[in-house]
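Quick notes on the structure that follows.
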Amino acid sequence: MASPLDAKIDAIVAAIVAPGGPLAVSHATIRGVDYPVFAAAPANVRDFLAFFFAANAGREFLVYRDERYTFAAVHAAAIRVAAVLQGRGIAKGDRVAVAMRNYPEWVTTYFGVLILGAVAVPMNAWWKGEELAYGIAHSGTRLVIADEERARRLAALPQFAVPVLTVRTSVEVAAGLGFERLDDALATAPDAPWYLPPIDAEDDATIMYTSGSTGEPKGAVSTQRGIVSGAMNYLVTGLALLQLSAGEGAAVPEQQIALLDVPLFHITGSIAVLLVSVAIGRKLIIMHKWDAGDALRLIAAERATYFVGVPTMSLELMNHPDRHKYDLSSLVDIASGGAPRPPEHVARLAATFPGMRPAQGYGLTETNAVGAGIYRDNYLAKPASTGRASAPLVEIGIFDADGQAGAMTEQPRGSVGEVCIKSIANVRGYWRNPAATAAAFMPGGWFRTGDLGYLDADGYLFIVDRKKDIIIRGGENISCQEVEAALYAHPAVAEASVFGLPDERLGEVVGAVIHPKPGAALEAEALTQFVARELASYKVPAQLWFSPDPLPKLGSAKIDKVALRGVYRALYAATEHV
0 MASPLDAKID AIVAAIVAPG GPLAVSHATI RGVDYPVFAA APANVRDFLA
50 FFFAANAGRE FLVYRDERYT FAAVHAAAIR VAAVLQGRGI AKGDRVAVAM
100 RNYPEWVTTY FGVLILGAVA VPMNAWWKGE ELAYGIAHSG TRLVIADEER
150 ARRLAALPQF AVPVLTVRTS VEVAAGLGFE RLDDALATAP DAPWYLPPID
200 AEDDATIMYT SGSTGEPKGA VSTQRGIVSG AMNYLVTGLA LLQLSAGEGA
250 AVPEQQIALL DVPLFHITGS IAVLLVSVAI GRKLIIMHKW DAGDALRLIA
300 AERATYFVGV PTMSLELMNH PDRHKYDLSS LVDIASGGAP RPPEHVARLA
350 ATFPGMRPAQ GYGLTETNAV GAGIYRDNYL AKPASTGRAS APLVEIGIFD
400 ADGQAGAMTE QPRGSVGEVC IKSIANVRGY WRNPAATAAA FMPGGWFRTG
450 DLGYLDADGY LFIVDRKKDI IIRGGENISC QEVEAALYAH PAVAEASVFG
500 LPDERLGEVV GAVIHPKPGA ALEAEALTQF VARELASYKV PAQLWFSPDP
550 LPKLGSAKID KVALRGVYRA LYAATEHV
């Protein structure tokens, strides 16, 4: 039976999306599948930006340290970036990588690429040089725009030949690296491209790399329509919650203000935070790097109304010793996504921040961040759930977890199976990887998440396990196979098995069991340093165990990872660890 809050939200959403409503929904057949779609949605991201930037032109948009930019200024800067790209031969459909931490230039560069009709390739800023090189080569990137740290990593690569424009670098540093500065290119560029090609709703817009169960990251390709639809689906939820608060007599601030603490190269940052902020005229307070104390200071100083981050972040806010020194009364919503939030943290969050409302979202790179959501009293009542399918575009189904993509059957309510999501916001597939696309996308428009879960009688989704062999550490997906490959590269390693270990702060950390080769001398510190040369720091095992015996095997002769994980998780829980 629907809760009173569900009934209110459903009634508001129904009015918003009804014919004649502000975000009316109709149906369309796209790539052979019938989907609910927004009847009057912008055809592409360029039109989306033009409409909403014009609507919010005079408002302050980005705040970074002592720098402040209006919506109009950011839009103008993005158009000039598009002119720079065009002047360097970038055309519609060409791939342009954005490799930097959170800066205002990330926003203007990303938008500039999309305004031109090129394909934006956000790079994980934590990747090492070789990982960046893989994404650049695999995507066929023609030009990279990078901050100094990423530019140094690329310059150190042998025979790296892709042009790079740097941001936040001095003239001397850029010259030493052999790269041009974006600022210098902008100084001589026209105010706008001389020509903007037409962009179709089904044209490619972004390639975002995600680690799955295989060793190499896969490039999830989103269409223009997918990105616009994902952002507008979030807009419906935001409007519904805003109307709900107004109906309850809550004061509505003149401008929503969000702390941008999640990486913009993640789908949550680029869609659920950035694009939605453009649509609702929300100010973003940019954090270059996460620090709980700095977050508390910024929330108080800027009177932030909205906070979203991986569960680790809200936990650190709760635990920070200086929390009581700051006036956080402006904060209304504390949301999380990217990783499961422990159920026991939900009530604690509500008690720690009275009057502020917890929320949890569930979405993936492949779904352009939309999937399910749970809010306010519903979250307190069902803290282990990730909520109901996000109206109006999303449908969630539970399918036979062991079936093939073309032969899976939908399971009844209450039965555990693979969580699948159908939405026009889903990406169209994986870049240059038809086998992975065929395995992950079923007929009828369903995407296989690799998560195992069930829907209860009220349609609330509960995730119980993962089918994919991945670890989610602080919102970052880590392929166990990739870490195992790095361990096997050490000449003294005979067998290796990698799995996630529970961690209150990060959700999971990387654990590994190693069986050394006979007679080999192997120490944990040396092995950790060895794999750290090839892997980004968040992928390096936090806990290593050495087994004198060969690792247990299944009948197929594969290592029995399930058994190992159970044994060593119990061992990990029984011992003190840092």
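Numbering that gives the first Met the number 0 puts the sequence shown at residues 0 to 577. In this text, a Cβ means the ideal position worked out from N, Cα and C, and glycines have one as well.
For this session: Assuming Ala350 and Leu327 form a contact by the criterion Cβ under 8 Å, report the distance between their Cβ atoms to the nearest whole angstrom.
Result: Actually they do not touch by this definition, with Cβ atoms about 14 Å apart.
Exercise. Where Ser384 and Gly134 are concerned, what is the direct C-alpha to C-alpha distance, given to the nearest angstrom?
Worked result: Cα to Cα, Ser384 sits roughly 34 Å from Gly134.
Problem set entry | DSSP three-state assignment for Pro3, whether helix, strand or coil | helix
Problem set entry | Length of the line joining the Cα atoms of Ala653 and Ala53 | Only positions 0 to 577 of the chain appear in this structure, which leaves residue 653 out of reach.
Exercise. Mind checking Ser269: buried by the 16 CB within 10 Å criterion, or exposed?
Worked result: buried
For this session: Run the CB neighbour count on Leu314, radius 10 Å, all protein chains shown included, and call it buried at 16 or more, exposed below.
Result: buried
For this session: Measure the C-alpha to C-alpha separation of Leu526 and Tyr537 and round it to an integer number of angstroms.
Result: 15 Å
For this session: Classify Thr364 as buried or exposed, calling it buried when 16 or more other Cβ atoms lie within 10 Å of its own Cβ.
Result: With a 10 Å radius around the Cβ and a threshold of 16 neighbouring Cβ atoms, Thr364 comes out buried.
For this session: My understanding is that Leu240 touches Tyr374, with C-beta atoms under 8 Å, so please give their C-beta distance in whole angstroms.
Result: 7 Å
Exercise. Residue range of the alpha helix (DSSP H) that Ile114 falls in?
Worked result: Ile114: member of the alpha helix (DSSP H) spanning 103-115, first to last residue.
Problem set entry | Helix, strand or coil at Arg431 [DSSP, three-state] | coil
For this session: To the nearest angstrom, report how far apart Arg387 and Ser422 are at their CA atoms.
Result: 14 Å
For this session: Could you check what DSSP says for Asn377 in three-state terms: helix, strand or coil?
Result: helix
For this session: Report all residues from its chain with a CB closer than 6 Å to the CB of Tyr325; omit the five preceding and five following residues, and keep chain order.
Result: Leu295, Ala299
Problem set entry | Whole beta strand (DSSP E) elements within the region 326-389, 3-residue minimum | 332-335, 356-361, 371-374
Problem set entry | Three-way DSSP call (helix, strand, coil) for Asp182 in this model | helix
Exercise. Where do the ends of the alpha helix (DSSP H) carrying Ser244 lie?
Worked result: 223-246
Exercise. By Cβ distance below 8 Å, which residues in the same chain neighbour Gly20 in space, the five residues on each side in sequence not counted?
Worked result: Ala14
Exercise. Looking only at its own chain, which residues have a Cβ that is under 6 Å from the Cβ of Pro162, when we skip the five neighbours before and after it?
Worked result: In the same chain as Pro162, and ignoring 5 residues on each side of it, the C-beta atoms closer than 6 Å to its own belong to Leu142, in chain order.
For this session: Go ahead and label Leu258 buried or exposed: buried means 16 or more other beta carbons lie within 10 angstroms of its beta carbon, across all protein chains shown.
Result: buried
Exercise. Exposed or buried, which one is Ile8 when buried takes at least 16 other CB atoms within 10 Å?
Worked result: Burial call: buried.
Exercise. In three-state DSSP terms, what is Ala519?
Worked result: coil
For this session: State yes or no: is the C-beta of Val581 within less than 8 Å of the C-beta of Leu22?
Result: As shown, the chain starts at 0 and ends at 577. That puts residue 581 outside it, with no answer to give.
Problem set entry | Same chain only: Cβ atoms within 6 Å of Pro382, ignoring 5 sequence neighbours per side | Pro342, Val345
Problem set entry | Closest Cα partner of Ala581 within the set Thr108, Gly92, Ile89, Lys91 | For residue 581 there is no data in the structure shown, the boundaries of the chain being 0 and 577.
Exercise. Over what stretch of residues does the beta strand (DSSP E) that includes Val166 continue unbroken?
Worked result: 163-166
For this session: List the DSSP bridge partners of Ser536.
Result: Ser536 pairs with nothing; no bridge assigned.
For this session: For Gly506, count neighbouring C-beta atoms within 10 Å of its own C-beta (all shown protein chains included) and say buried if the count is 16 or more, exposed if not.
Result: buried
Problem set entry | Distance between Asp321 and Tyr429 (C-alpha atoms, nearest Å) | 45 Å
Problem set entry | Straight-line Cα distance separating Glu104 from His287 | 12 Å
For this session: Please confirm whether Phe461 and Tyr453 have their CB atoms less than 8 Å apart.
Result: yes
Exercise. Does DSSP put Leu586 in a helix, in a strand, or in coil?
Worked result: A question about residue 586 goes unanswered here, because the residues of the chain that appear run from 0 up to 577.
Exercise. Can you tell me where the alpha helix (DSSP H) with Pro310 in it begins and where it stops?
Worked result: Residues 310-318.
Exercise. From which residue to which residue does the alpha helix (DSSP H) around Phe398 run?
Worked result: From DSSP, Phe398 is part of no alpha helix (DSSP H) but of the beta strand (DSSP E) over 394-398.
For this session: Taking only the alpha-carbon atoms, compute the straight-line gap between Glu524 and Leu274 and give it to the nearest angstrom.
Result: 43 Å
For this session: Check Asp559 in the structure and name its three-state DSSP category.
Result: coil
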